[in-house]
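Undergrad: Pasting a structure below so you can have a look.
Residue numbers (the numbering used here), protein chains in the order written: chain A, 10 to 121; chain B, 3 to 117.
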């Protein structure tokens, strides 16, 4: 079983839709949860960072962590064509200087 | 977040030659740098972790004599692909971490094509 599971998609939505991206994981020691956005042929860009359980909101983006279910989500409201990218979840047991475990990424296309 | 640069952004080389990729942390001192490899439509695969002034720690299956990593300063790490072969063609991405940062910040990546 992989440490982190993520549906690769692809996912296509109309502009303005609410997008839900999800990852599940198996290691209960994970405490740091990240979402990265990666445009084609570019490095990943940090979108959201959450420690432990709970919700975090930043503009149109909301990250949720449910440690009891080992499940994390990223919601994008009022999706825009510029949101079209691959979204990677990542998690770590010890944070910053330690190994991250990545999902395979979900490819999202927002259609104007 | 931290600003990370990589150079070159794209390199094409002949089989058997060596290629050096630089990763620079532009606005903070990175005590730890990571090197990843990403094949098309796949996720990031960690190759090695390097701490400034120490030897890199390589992931299982990554040949340390083929992928030479030098983390000589808090702002610079280099990855040298020695005797490159077509199967080494990939997207190589570095990331940085350090005191005062909560997570890893990635460079823009280097696309290596070995002919």
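Glycine is no exception: its CB is placed at the ideal position from the N, C-alpha and C atoms.
Quantities reported herein were computed from a predicted structural model and do not represent experimental measurements.
If you count every other CB in all the chains shown that lies within 10 Å of the CB of residue 27/A, and 16 or more means buried, which is it?
TA: The sequence position of residue 27/A within the first chain is 18, counting from 1. When all chains shown are included, residue 27/A counts as exposed.
Undergrad: Taking C-beta to C-beta, are residue 60/A and residue 108/B nearer than 9 Å?
TA: To locate residue 60/A, count along the first chain from 1; it is residue 51. To locate residue 108/B, count along the second chain from 1; it is residue 106. Result no, Cβ atoms of residue 60/A and residue 108/B do not sit closer than 9 Å.
Undergrad: So, with DSSP's three-state summary, where would you put residue 75/A?
TA: Working through the first chain from its first residue, we reach residue 75/A at position 66. Residue state, collapsed to three classes: strand.
Undergrad: Let me know the secondary structure DSSP gives residue 105/A once reduced to three states.
TA: For this step, residue 105/A is matched to residue 96 along the first chain. Confidence is the limiting factor: at residue 105/A the pLDDT is only 49, short of 50, which leaves the residue's position unreliable, though a coordinate-based value still follows. Residue 105/A: coil per DSSP, three-state reduction.
Undergrad: What are the start and end residues of each continuous beta strand (DSSP E) run of 3 or more residues lying completely inside the segment 44-91 of chain A, in chain order?
TA: Listed in chain order, the complete beta strand (DSSP E) runs (minimum 3 residues) inside the segment 44-91 of chain A are 54-60, 63-67, 70-75 and 80-85.
Undergrad: Taking Cβ positions only, does residue 38/A come closer than 9 Å to chain B?
TA: Stepping through the first chain from its first residue, residue 38/A is reached at position 29. It does not; no Cβ of chain B falls within 9 Å.
Undergrad: Any beta carbon of chain A sitting closer than 9 Å to that of residue 108/B?
TA: Working through the second chain from its first residue, we reach residue 108/B at position 106. Yes - at least one Cβ of chain A is within 9 Å of the one on residue 108/B.
Undergrad: Whose Cβ in chain B lies nearer than 7 Å to the Cβ of residue 51/A?
TA: Reading the first chain from its first residue, position 42 is the one you call residue 51/A. Within chain B, the residues near residue 51/A are 110 and 111.
Undergrad: Check residue 24/A in the structure and name its three-state DSSP category.
TA: Here residue 24/A is taken as the residue at index 15 of the first chain, counted from 1. In this structure, residue 24/A counts as coil in the three-state DSSP scheme.
Undergrad: Starting from residue 50/B, trace the beta strand (DSSP E) both ways and give me its first and last residue.
TA: Numbered from its first residue, the second chain carries residue 50/B at position 48. Element bounds for residue 50/B: 47-53.
Undergrad: With 9 Å set as the bound, which would you pick, yes or no: does the beta-carbon of residue 96/A sit closer than that to a beta-carbon of chain B?
TA: Working through the first chain from its first residue, we reach residue 96/A at position 87. No - not a single Cβ of chain B is within 9 Å of the one on residue 96/A.
Undergrad: Would DSSP call residue 89/B helix, strand or coil?
TA: Locating residue 89/B in the second chain gives position 87, counting from the first residue. Three-state DSSP puts residue 89/B in a helix.
Undergrad: Apart from the five residues on each side of it in sequence, which residues of its chain come closer than 6 Å, Cβ to Cβ, to residue 72/B?
TA: The sequence position of residue 72/B within the second chain is 70, counting from 1. If we look at residue 72/B and ignore the five residues flanking it on each side, its Cβ neighbours are 80.
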